[in-house]
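Novice: My numbering puts the sequence shown at residues -18 to 73. Each residue gets a CB set at the ideal place from its N, CA and C atoms; glycine is no exception. Quick caveat: nothing in here was measured; it's all calculated off a predicted structure. Right, I'll just put the structure down here and ask away after.
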Amino acid sequence: MTAAHDYEHLHHLVDRLSPTQVRRLRLIITEDEELSQVDQQVPDAAGGDDDGDLLPDSFLALSGSIEAPADYAERHDDYIRERAERERSASE
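In structure tokens form, the structure reads like this:
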């Protein structure tokens, strides 16, 4: 296995984790001496290392938030199809 293959495999694996599994993995990373140093260098997605707003506040106010499964962006077609099937079977 090449390093590039390992990276891609790990990336796809993390994308499939549930929110609970992600929290457990994050805990493991923060408790590991070497991995925790790398974790501290990565900007926090929640805005911990803010380099300035990339979008105006007015846009952010319009965008709102979506409560959805963690993999919604990747599987949105599947979710739409499943919902349509549920609605179709409920109307029959």
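Would you mind reading off the limits of the alpha helix (DSSP H) that contains serine 72?
Specialist: Per DSSP, serine 72 belongs to the alpha helix (DSSP H) from 53 to 72.
Novice: Quick check: what's the CA-CA separation for proline 50 versus leucine 6?
Specialist: Looking at the two C-alpha atoms, the distance is approximately 18 Å.
Novice: How about isoleucine 10 and serine -1: are their beta carbons less than 8 Å apart?
Specialist: Result no, Cβ atoms of isoleucine 10 and serine -1 do not sit closer than 8 Å.
Novice: Nearest-angstrom Cα distance between threonine -17 and arginine 67?
Specialist: Cα-Cα distance, rounded: 43 Å.
Novice: What does the alpha-carbon distance come out to for the pair valine 19 and alanine 65?
Specialist: Looking at the two C-alpha atoms, the distance is approximately 43 Å.
Novice: Report all residues from its chain with a CB closer than 6 Å to the CB of tyrosine 60; omit the five preceding and five following residues, and keep chain order.
Specialist: Answer for tyrosine 60: no residue qualifies.
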